[in-house]
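**Student:** Counting from 9, one number per residue, gives the positions in the sequence shown under the working numbering.
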Amino acid sequence: MPAHGRATGVIVEIDDLRRDFNTFESEDIIQDLNEIFARYLMNYRSVSISIAGQRLDPEK
Numbered sequence: 009m010p011a012h013g014r015a016t017g018v019i020v021e022i023d024d025l026r027r028d029f030n031t032f033e034s035e036d037i038i039q040d041l042n043e044i045f046a047r048y049l050m051n052y053r054s055v056s057i058s059i060a061g062q063r064l065d066p067e068k
């Protein structure tokens, strides 16, 4: 049970990778991830997922 008046949640940020991963910059990959996470993001509106600076949009 969350403490009163305190927000809960998790932030995961991965940066400073030693290799250039531009796999996630493809529009096709972003669309695939939109479809994978759409139901979750629609049910939990306060959650956001960003890939390579682009926020996933369950409406797409």
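Virtual Cβ for every residue (Gly too), placed ideally from N, Cα, C.
Have a look at the DSSP bridge pairing and note the partners of Arg63.
**Tutor:** Ser58
**Student:** Just to confirm, is the Cβ distance from Asp65 to Asn51 under 8 Å?
**Tutor:** no
**Student:** Please confirm whether any heavy atom of the ligand ATP lies closer than 7 Å to the CB of Ile22.
**Tutor:** With respect to small molecules bound, the structure shown includes none, and the ligand ATP cannot be examined in it.
**Student:** Starting from Glu43, trace the alpha helix (DSSP H) in both directions and tell me its first and last residue.
**Tutor:** Glu35 to Asn51
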